[in-house]
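Enquirer: Sequential numbering of the sequence shown, starting at 209, is according to the numbering used here.
Before anything else, here's the structure in question.
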Amino acid sequence: MFDIVVIGGGHAGVEAAWISQQFGLKVAILSLPGIGLASTPCNPAVGGVGKGQVVREIDALGGLMGRLADLSAIQYRTLNESKGYAVQSTRVQVDKDAYSRNAEKIIAEETTIEVLRDKAVEIDREEGIFNITLESSIKIQSRRVIITAGTFLSGLLHTGEEKTSGGRTGCVPGPGLQALIKEIKLNPLRFKTGTPARLNKNSIDFSVMDPQESDEHSLNFHFAHEPKQRFLEQVSCYLSRTNEDTLGIIRSNKDRSPIFNGQIKGVGPRYCPSIEDKAFRYPDRNSHHVFVEPEGLETDSVYPNGISTSLPKEVQEAFIRTIPGLENAEILVHGYAVEYDVVDTTQLDRALEHTEVPGLFFAGQINGTSGYEEAAGQGLIAGLNASLGLVGRSKLHLKREESYIGVMVEDLVTQKRDEPYRLFTARNERRLFVREDNTFLRMAPYRLSLGLNTNLDQSLSLLVSEYEVVMNLLSSYRYRENQENREHFLTQGYGTFAPNITLSELLKRSFLDPVAVLTNELLRAGIVVDSRVVRTAAISNKYAGYIDRAKIDLDRVDRFENKKIDYTDLLKSSNISTECKQRISEVRPETFGQLKRIQGIRPATLATVAGNFN
Ligand SMILES: Cc1cc2nc3c(=O)[nH]c(=O)nc-3n(C[C@H](O)[C@H](O)[C@H](O)COP(=O)(O)OP(=O)(O)OC[C@H]3O[C@@H](n4cnc5c(N)ncnc54)[C@H](O)[C@@H]3O)c2cc1C
């Protein structure tokens, strides 16, 4: 008998199992034969805007994704670099084989998790114990079950007119969600996602594309790694663009597109559209970015990011060869779309446990999300809560004001999904506070509350106390009027000396880089603290005013429940996104409260509208 059986060894499943074994529980991962743990069926990249925060939250809570990403990274980037420290996110391209190999190795060598390569075909429950029937006819028992079956349940692949059963290319499907669990009515939804063709790098002319080198200044995700340490050779990604010919071929084959000819019924991800979606959604635009990204150091396969498609093979070949640099591209695997069963997450609670079947948890793509990071974040929450329940502790909920994972879980369980869910910063009301750099501060109380007392807990406590010391110093340290300080300001380029100016005030001077100045000043004072603490203190200090302002905006949003609005004004506003306008025109809200409750309405939209009230 297992304490916890995790069905699925993807990003959600690995996190769920990894965190559960930290509680000393007997844990198994059930995964389909031939599929490596934490494999990356789409672009092998981790992090990005909003998602980088999730990876760091997972890491600070004791999860694995940050460590795996660093160990396998072959290109680093800091996104939003020009927009300032507060909204930056780290993204790494990983070697997909190394990523999965590292996951297998860590699970095998550092844990007691049993990995069973078999298919779950049915789950039932007797007196609170789950019986799981495997395809090999073996039955296993468990006190808790976490389902993380990704895109596999009733998976159906589409490439043009070709339809094949499968969870992803070359893989068998799982049973349907309702066939797997007969005990309750699940009413699965059908979603769809897609992936582009993979190309042979030796057939590509990179000389006509713009190279993007790995950024040596980007910081690792995992706590215990040196911030700028690199574990693998770093390589470049390349940028090309589609053109009129590319989009012309796609537009003239609309009737052969499974998305547009009715063959695919499932709803696809709005924020990861296929090239067909782009062609028809933006009829006047022909130039779309194509990032040509390596899939690993030892493979010839590259991933052309931005041209995901389920068009017939010959159409894919024709449009790909119109893209500069790809004129002679050899296709290794054709693009395809996959449709799959998704659970209705309003049936789950904030621990991701099913409200009608205690002990049954769901996490990852099966919950209607899209993306490795979203999956991993949910896996961690489901694993933590399944474990906490077994050791007699209360559930752990991350607050949405404090984490991206909290935002995602709350959105999932409170709103009925009508399309795949993806995290991005606009979903977060407090994005200036919920940053990558201050993750240790935001997550430390949660991690420490688990009482696991590992090296991670000690490092987190140390960082938090160092942070408090530095923040105290910022407001208390004043530059006295003397020659030495005057000269110091002059030589360091700090601007006009102001007697008694505090360190905090100095760091807020708009022409100074707060992180560089604080690093410099601490060095001058002989104070040694972790570079991550310096960074967080400098950024928190710099943005304190904006963070307070955002809090005031949020309070306004809460106060204006019954205020009348004219939704037609909102449809004309240039400050409101197209997605929000689409949803507003469907619901036609008459009060601010109604607007607030429309699924998918962004916090920024609410703040804009509330800003117009007296
Ligand atoms: C074609 C394709 C395109 C994608 N495109 C994008 C994209 O554009 N953007 C994006 O962010 N994400 C994309 N993804 C999604 C990304 O792959 C997922 O978000 C992520 O892998 C989900 O992680 P997961 O752990 O939920 O599921 P997965 O990583 O899919 O893992 C599922 C696991 O469940 C196991 N499993 C399934 N059924 C059973 C069963 N019955 N018994 C035992 N084991 C089982 C499998 O072996 C596998 O280990 C795409 C995925 C696919 C397949």
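Cβ atoms here follow ideal geometry from the backbone N, Cα and C, with glycine treated the same way.
(1) What are the uninterrupted segments assigned as alpha helix (DSSP H) that are 4 or more residues long and contained completely in the stretch 369-443, given in chain order?
(2) From the DSSP output, in three-state form, read off ASP492 for me.
(3) Taking the C-alpha atoms as reference points, what is the distance between ASN635 and ARG489?
(4) Measuring only the C-alpha atoms, how far is GLU627 from GLY703?
(5) Kindly confirm or deny that the stretch 215-223 and the stretch 346-356 touch, where touching means at least three C-beta pairs closer than 8 angstroms.
(6) Thinking C-alpha only, which one of LEU287, ALA281, GLU452, ILE314 is nearest ARG438?
(7) Do the stretch 254-269 and the stretch 292-299 meet, that is, are 3 or more Cβ pairs less than 8 angstroms apart?
(8) Under 8 angstroms, do LYS304 and GLU503 count as touching if we go by C-beta distance?
(9) With respect to 7 angstroms, is the separation between the Cβ of GLY585 and the closest non-hydrogen atom of ligand 1 below this value?
(10) At which residues does the alpha helix (DSSP H) containing THR699 begin and terminate?
(11) Any heavy atom of ligand 1 closer than 7 angstroms to the Cβ of ARG558?
(12) Along the chain, where does the beta strand (DSSP E) that runs through ASP211 open and close?
(13) Would a C-beta distance cut-off of 8 angstroms place SER683 and THR662 closer than the cut-off?
(14) For TYR754, count neighbouring C-beta atoms within 10 Å of its own C-beta (all shown protein chains included) and say buried if the count is 16 or more, exposed if not.
(15) Answer yes or no: the CB of ILE574 versus the heavy atoms of ligand 1, is any distance below 7 angstroms?
(16) Look up ALA733 in the DSSP assignment and say whether it is helix, strand or coil.
(17) Residues in the same chain with beta-carbon distance under 7 angstroms from HIS433, minus the five sequence neighbours each way, listed in chain order, please.
(18) Tell whether a beta-carbon distance below 8 angstroms holds between SER448 and VAL510.
(19) With a threshold of 7 angstroms on Cβ separation, who are the neighbours of HIS497 within its own chain once the five nearest residues in sequence on each side are excluded?
(20) Indicate the three-state DSSP secondary structure (helix, strand or coil) for PRO722 in the structure shown.
(21) Closer than 7 angstroms: is that where the CB of LEU631 sits relative to any heavy atom of ligand 1?
(22) So, at 8 angstroms on beta carbons, what are the nonlocal neighbours of THR563 in its own chain, with the 5 sequence-adjacent residues on each side left out?
(23) Around the Cβ of ILE825, are there at least 16 other Cβ atoms within 10 angstroms (buried) or fewer (exposed)?
(24) Identify the continuous beta strand (DSSP E) that holds PHE705 and give its terminal residues.
(25) Does the beta-carbon of PHE719 have 16 or more other beta-carbons within 10 angstroms, so that it is buried, or is it exposed?
(26) If you drop the 5 nearest sequence neighbours on each side, which residues of the same chain put their C-beta closer than 7 angstroms to that of ALA220?
(27) Would you mind sorting HIS366 into buried or exposed? The rule is 16 or more other CB atoms within 10 Å of its CB.
(28) Would you mind reading off the limits of the alpha helix (DSSP H) that contains ARG650?
(29) Among the candidates SER411, THR577, PRO435, ARG325, whose CA atom is the shortest distance from the CA of TYR284?
Expert: According to the structure data:
(1) If we require 4 residues or more, the alpha helix (DSSP H) runs fully inside the stretch 369-443 come out as 385-388.
(2) Coil.
(3) Residue identity differs from the one stated: residue 635 is Arg in this sequence, not Asn. Distance between the alpha carbons of ARG635 and ARG489: 23 angstroms.
(4) Near 52 angstroms, if we compare the C-alpha coordinates of GLY703 and GLU627.
(5) At 8 angstroms Cβ cutoff, the stretches touch.
(6) Selected option, being the one with the closest Cα: ALA281.
(7) These segments touch.
(8) By the CB criterion at 8 angstroms, LYS304 and GLU503 fall inside the cutoff.
(9) No, ligand 1 has no heavy atom inside 7 angstroms of this Cβ.
(10) Run containing THR699: 691-700, per the alpha helix (DSSP H) assignment.
(11) Not under cutoff, so the answer is no.
(12) Unbroken beta strand (DSSP E) run through ASP211: 210-215.
(13) Contact flag unset, no.
(14) Of the residues assessed, TYR754 falls on the exposed side of the cut-off, its CB having fewer than 16 other CB atoms within 10 angstroms.
(15) Between ligand 1 and ILE574, a heavy atom-to-CB distance of less than 7 angstroms is present.
(16) Here ALA733 sits in coil by DSSP.
(17) Hits under 7 angstroms: ASP278.
(18) Cβ distance not < 8 angstroms, so SER448 and VAL510 don't count as in contact.
(19) Closer than 7 angstroms at the Cβ level, and outside the excluded window around HIS497, lie LEU447, ARG449, GLY514.
(20) If DSSP states are grouped into helix, strand and coil, PRO722 belongs with the helices.
(21) In this structure, LEU631 has its beta carbon at no less than 7 angstroms from each heavy atom of ligand 1.
(22) Setting aside the 5 residues that flank it on each side, THR563 is surrounded in the same chain by GLN555, LEU556, ASP557, each with a C-beta closer than 8 angstroms to its C-beta; the list follows chain order.
(23) For the chain, the structure presents residues 209 to 822; residue 825 sits outside this window and is missing.
(24) It is not in any beta strand (DSSP E) - PHE705 carries neither H nor E in the DSSP assignment.
(25) The residue in question, PHE719, is exposed, as its Cβ has fewer than 16 Cβ neighbours within 10 Å.
(26) Hits under 7 angstroms: THR356, ALA571, GLY572, ALA583, ALA584, GLN586, GLY587.
(27) HIS366 sits buried, since 16 or more C-beta atoms from the chains shown fall within 10 Å of its C-beta.
(28) Start and end: 647-657.
(29) Ranking the options by Cα distance to TYR284, first place goes to PRO435.
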